[in-house]
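Participant: Take this structure first; my questions come after.
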Amino acid sequence: MSSNTNAAPAEPIQLGNPDEFDDVVDNYDVVLVDFYADWCGPCKMMEPTIGALAADTDAAVLKVDVDQFQALAGQYEVQGIPTLLVFADGELAERMVGAQTGDALSQTIAGYTE
């Protein structure tokens, strides 16, 4: 683990501007990034799971609206949503496309937080 000492917030962080992305990834040991859209059915279905992960794991959860941040979505080659990225120690470690179960996401995050 890196020496980042910031405790992950218990609520998902809603990206407000593109400059915040790198700050969040750099400020927490493990970050789950949820690239989503308000009109996406699977994204809406996953909202409670994403919220629970923020509360129940040691990972920070960052929500990125692909309609609002198209350039950022392009930078991370988001072609389908939801796309979930796991950053560990500032580096992209995992990529998952499509709806995921809470258990699968928890296990993936646990691989980087334990």
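Count the sequence shown with the UniProt record's numbering and you get residues 1 to 114, in order.
Ideal Cβ positions, reconstructed from N, Cα and C, are used throughout, including at glycine.
Please work out which residues of its chain come closer than 7 Å, Cβ to Cβ, to C43, disregarding the five sequence neighbours upstream and downstream, and give them in chain order.
Facilitator: Same-chain partners within the cutoff: Y36, A37, I81 and P82.
Participant: Is the CB-CB distance between S84 and V33 below 8 Å?
Facilitator: Sequence check: residue 84 is Leu here, not Ser. Yes, the Cβ-Cβ distance between L84 and V33 is below 8 Å.
Participant: Round the Cβ separation of G102 and A52 to the nearest angstrom and send it over; I've been treating them as touching at under 8 Å.
Facilitator: Confirmed, Cβ separation roughly 6 Å.
Participant: By DSSP, does Q79 sit in helix, in strand, or in coil?
Facilitator: Note: Q79 maps to coil in three-state DSSP.
Participant: Given this structure, state the Cα-to-Cα distance separating D19 from V64, to the nearest angstrom.
Facilitator: In a straight line, the C-alpha of D19 is about 12 Å away from that of V64.
Participant: Could you tell me whether the Cβ atoms of V78 and Y112 are closer together than 8 Å?
Facilitator: Not closer than 8 Å, so no.
Participant: Can you tell me where the beta strand (DSSP E) holding A60 begins and where it ends?
Facilitator: A60 to D65 is the span of the beta strand (DSSP E), which, as asked, contains A60.
Participant: For M46, does the count of other Cβ atoms within 10 angstroms reach 16, so buried, or fall short, so exposed?
Facilitator: Per the 10 Å Cβ criterion, buried.
Participant: For L92, which residues from the same chain have a beta carbon less than 7 Å from its beta carbon, with the 5 sequence-adjacent residues on both sides left out?
Facilitator: Hits under 7 Å: L85.
Participant: What are the start and end residues of the beta strand (DSSP E) that includes A93?
Facilitator: Looking at the DSSP string, the run of the beta strand (DSSP E) that includes A93 is E91 to V97.
Participant: State the Cα-Cα distance for the pair A7 and L62, rounded to the nearest angstrom.
Facilitator: Whole-angstrom Cα-Cα distance: 14 Å.
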